[in-house]
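**Q** The structure that follows is given in the form of structure tokens.
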Amino acid sequence: MVGNDHLKAARHAAESARVPGEHMSRAELAERVNAWLLDNTGRPGALDRHYLGRIERGQIQRPGRDYRAAFRAVLQASDRDLGFTPDPRAERLRRAAQHPRRADTTALSQAADMLSTVRRLEDETSASAVLPSVAAHAELVNHLADQSKHTAEAVGLASEISQYLGWLKIARDEYGDAQAHLDRAARLALEADDPQRLATALSFAAYRALLLGNYGQAANLNRAAMRDSRVDPGLRAYGHLQGAEIAAYDGDAHTATRMLTQADRLIENAPDAQELPDGSYWHIPPVLNGHKGFVLHALGDAEQARQTARESLEAMPEAWTRAEWAADHRALAGWEGDAATQRIRELD
Numbered sequence: 001m002v003g004n005d006h007l008k009a010a011r012h013a014a015e016s017a018r019v020p021g022e023h024m025s026r027a028e029l030a031e032r033v034n035a036w037l038l039d040n041t042g043r044p045g046a047l048d049r050h051y052l053g054r055i056e057r058g059q060i061q062r063p064g065r066d067y068r069a070a071f072r073a074v075l076q077a078s079d080r081d082l083g084f085t086p087d088p089r090a091e092r093l094r095r096a097a098q099h100p101r102r103a104d105t106t107a108l109s110q111a112a113d114m115l116s117t118v119r120r121l122e123d124e125t126s127a128s129a130v131l132p133s134v135a136a137h138a139e140l141v142n143h144l145a146d147q148s149k150h151t152a153e154a155v156g157l158a159s160e161i162s163q164y165l166g167w168l169k170i171a172r173d174e175y176g177d178a179q180a181h182l183d184r185a186a187r188l189a190l191e192a193d194d195p196q197r198l199a200t201a202l203s204f205a206a207y208r209a210l211l212l213g214n215y216g217q218a219a220n221l222n223r224a225a226m227r228d229s230r231v232d233p234g235l236r237a238y239g240h241l242q243g244a245e246i247a248a249y250d251g252d253a254h255t256a257t258r259m260l261t262q263a264d265r266l267i268e269n270a271p272d273a274q275e276l277p278d279g280s281y282w283h284i285p286p287v288l289n290g291h292k293g294f295v296l297h298a299l300g301d302a303e304q305a306r307q308t309a310r311e312s313l314e315a316m317p318e319a320w321t322r323a324e325w326a327a328d329h330r331a332l333a334g335w336e337g338d339a340a341t342q343r344i345r346e347l348d
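Note that full-length UniProt numbering has the sequence shown beginning at 1, numbered continuously upward.
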């Protein structure tokens, strides 16, 4: 079952009339849809937040004609924008799952495209918003990998989805589940001989260990992530920044400073964003420079850390500055008042 992330994104993009500055809740959207139906058809609607939740989770994929018209009017969007038209990529993937011998390169490419779309949807919503869709998509891709003689392409994609699930679970503080997904991601990446996906899974695992205060484990995982020189320059720069932050919190200022200097050189020579792998699209200088702020914070240079975080946010795409994953960046920059985020709170 694939969730309707399009409808959820449209609701999140609509401002609440009840709570200025917040997005429209399920209950509010349901009320407005029911009101539109009464005004335009003379019949009261029966939609409530629970029914709307079933639509967003994909349990109901296509509401009735009048309800679709009401959603279009209230959210000012088309059926396609709201996810009420069949997704040809999903149909192809379902057929491939039913007939695994037909799981060709095109089907896997469609699956990778869908993963890319959901990743960018997370930038606009939250980890919790996209998690059900990613979990369902992972089941399908894992099935394809199991049934297609474990080709490197299929296994590599299964690794990438597992690593992304691990990231989403970290964002939700579900550290046990995160570790299980990341362990699977690393194993599959080894099977596929895919250094980029292996390094990403290991760096996520290092981040998990860092948040839990397991600095020795975090350092070991970070070194393992950086062991293969075949990874892209953006990920390598991030690896140095992560290693510097771990060393700083572990009391090794010398190593932290050395790795920070190495990261600076890599960032200066970073490739254009278009040259990065899709699974590494956020490893661009503005975001990487933001991670420098975390290292400086860990080294005790609060003022420079704050300035670096602000400069990073100002250079990021505007939508990213509001992303859930950027909460730590905003907190470090002082953009969110006294509200301490998990990273700042737990590591100080």
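Glycine residues also receive a C-beta, built at the ideal position from the N, C-alpha and C atoms.
Which value, in whole angstroms, describes the spacing of the CA atoms of D272 and T41?
**A** One-based indexing of the sequence shown puts residue 272 at position 272. One-based indexing of the sequence shown puts residue 41 at position 41. Those two C-alpha atoms are separated by around 53 Å.
**Q** Under 8 Å, do A263 and T255 count as touching if we go by C-beta distance?
**A** Here residue 263 refers to the residue found at position 263 of the sequence shown. Here residue 255 refers to the residue found at position 255 of the sequence shown. Cβ atoms of A263 and T255: not closer than 8 Å.
**Q** Using CA atoms only, rank isn't needed, just tell me which of A244, E22, Q61, G239 is closest to residue 349.
**A** The first residue shown for the chain is 1 and the last is 348, placing residue 349 beyond what the model contains.
**Q** Which same chain residues, not among the five before or five after A333, have their C-beta less than 7 Å away from its C-beta?
**A** Indexing the sequence shown from 1 puts residue 333 at position 333. Excluding sequence neighbours, A333 sits near R306, A309, R310, L313.
**Q** Quick check on R102: does DSSP put it in helix, strand or coil?
**A** For the purposes of this step, residue 102 is taken as the residue at position 102 of the sequence shown. Caution applies to R102, whose pLDDT of 47 falls short of 50 and renders its modelled position unreliable; the value that the coordinates give is listed next. Residue state, collapsed to three classes: helix.
**Q** If we count the other Cβ atoms within 10 Å of its Cβ and call it buried at 16 or more, is G83 buried or exposed?
**A** Here the question's residue 83 lines up with position 83 in the sequence shown. By the 10 Å Cβ count, G83 comes out buried.
**Q** Measure the C-alpha to C-alpha separation of A189 and A152 and round it to an integer number of angstroms.
**A** As a position in the sequence shown, residue 189 is number 189, starting the count at 1. As a position in the sequence shown, residue 152 is number 152, starting the count at 1. Distance between the alpha carbons of A189 and A152: 9 Å.
**Q** Among G156, D173, P233, which residue has its Cα nearest to the Cα of A201?
**A** Residue 201 sits at position 201 when you count from the first residue of the sequence shown. Comparing Cα positions, the closest option is G156.
**Q** Can you find at least 3 beta carbon pairs, one from the region 229-240 and one from the region 123-135, that sit closer than 8 Å?
**A** Contact fails: fewer than three Cβ-Cβ distances are below 8 Å.
**Q** Just to confirm before moving on: does the CB-CB distance between L52 and Y67 stay below 8 Å?
**A** Here the question's residue 52 lines up with position 52 in the sequence shown. Here the question's residue 67 lines up with position 67 in the sequence shown. Contact: no.
**Q** Can you look up H23 in the DSSP assignment and give me helix, strand or coil?
**A** On the sequence shown, residue 23 is found 23 positions in, with the first residue counted as 1. Strand.
**Q** Skipping 5 residues on each side, what residues in its chain have a beta carbon closer than 6 Å to that of A323?
**A** Here residue 323 is taken as the residue at index 323 of the sequence shown, counted from 1. In its chain, beyond the 5 residues on either side, D123 have a beta carbon closer than 6 Å to the beta carbon of A323.
**Q** E15 by DSSP, collapsed to three states: which one?
**A** Along the sequence shown, read from residue 1 onward, the residue named residue 15 stands at position 15. In the structure shown, E15 sits in a strand (DSSP, three-state: E or B).
**Q** For the alpha helix (DSSP H) holding R54, just list the boundary residues, first then last.
**A** Within the sequence shown, numbered from 1, the residue matching residue 54 stands at position 54. First-last of the alpha helix (DSSP H) with R54: 49-56.
**Q** Could I get the ranges of all uninterrupted beta strand (DSSP E) runs contained in the region 104-160, with 3 residues as the minimum, in chain order?
**A** Qualifying beta strand (DSSP E) stretches: none in this window.
**Q** How would you call G64, buried or exposed, if buried means at least 16 neighbouring beta carbons within 10 angstroms?
**A** The residue labelled residue 64 in the question sits at position 64 within the sequence shown. G64 comes out exposed.
**Q** Helix, strand or coil, according to DSSP, for V287 in the structure here?
**A** Reading the sequence shown from its first residue, position 287 is the one you call residue 287. DSSP places V287 in helix when its eight states are reduced to three.
**Q** How about Q81 and A10: do their beta carbons lie closer than 8 Å?
**A** Position 81 of the sequence shown, counting from 1, holds the residue named residue 81. Position 10 of the sequence shown, counting from 1, holds the residue named residue 10. Note on residue identity: the sequence assigns Asp, not Gln, to residue 81. Result yes, Cβ atoms of D81 and A10 sit closer than 8 Å.
**Q** Would you say G45 and A27 are within 8 Å of each other, going by their C-beta atoms?
**A** Taking the first residue of the sequence shown as 1, we reach residue 45 at position 45. Taking the first residue of the sequence shown as 1, we reach residue 27 at position 27. In this structure, A27 does not lie closer than 8 Å to G45 by Cβ.
**Q** In this structure, does DSSP put F204 in helix, strand or coil?
**A** Along the sequence shown, read from residue 1 onward, the residue named residue 204 stands at position 204. Here F204 sits in helix by DSSP.
**Q** Beta-carbon within less than 7 Å of L266's beta-carbon, same chain only, minus the 5 sequence neighbours each way: which residues are those?
**A** For the purposes of this step, residue 266 is taken as the residue at position 266 of the sequence shown. If we look at L266 and ignore the five residues flanking it on each side, its Cβ neighbours are P233, R236, A237, H240.
**Q** Taking I246 as part of the alpha helix (DSSP H), name the residues at either end of that continuous run.
**A** Translated into the one-based positions of the sequence shown, residue 246 becomes position 246. Where I246 is concerned, the enclosing alpha helix (DSSP H) stretches over 233-249.
**Q** Does DSSP put A225 in a helix, a strand or coil?
**A** Mapped onto the sequence shown, residue 225 falls at position 225. A225: helix per DSSP, three-state reduction.
**Q** Please go through the region 164-209 and give each complete alpha helix (DSSP H) segment of 4 or more residues, from N-terminal end onward.
**A** 175-192
**Q** Would DSSP call T255 helix, strand or coil?
**A** On the sequence shown, position 255 is the one that residue 255 refers to. In the structure shown, T255 adopts helical secondary structure according to DSSP, grouped into three states.
**Q** Quick one: what's got a C-beta closer than 6 Å to W335's C-beta in the same chain, skipping five residues either side?
**A** To locate residue 335, count along the sequence shown from 1; it is residue 335. If we look at W335 and ignore the five residues flanking it on each side, it has no Cβ neighbours.
**Q** Where does A103 land, buried or exposed, given buried means 16+ other C-beta within 10 angstroms?
**A** Locating residue 103 in the sequence shown gives position 103, where the first residue counts as 1. In this prediction, A103 scores a pLDDT of 48, lower than 50, which makes its location untrustworthy; the coordinate-derived value is nonetheless stated afterwards. That one is buried.
**Q** Mind checking whether D228 and A199 have CB atoms under 8 Å apart?
**A** Mapped onto the sequence shown, residue 228 falls at position 228. Mapped onto the sequence shown, residue 199 falls at position 199. Going by C-beta atoms, D228 is nearer than 8 Å to A199.
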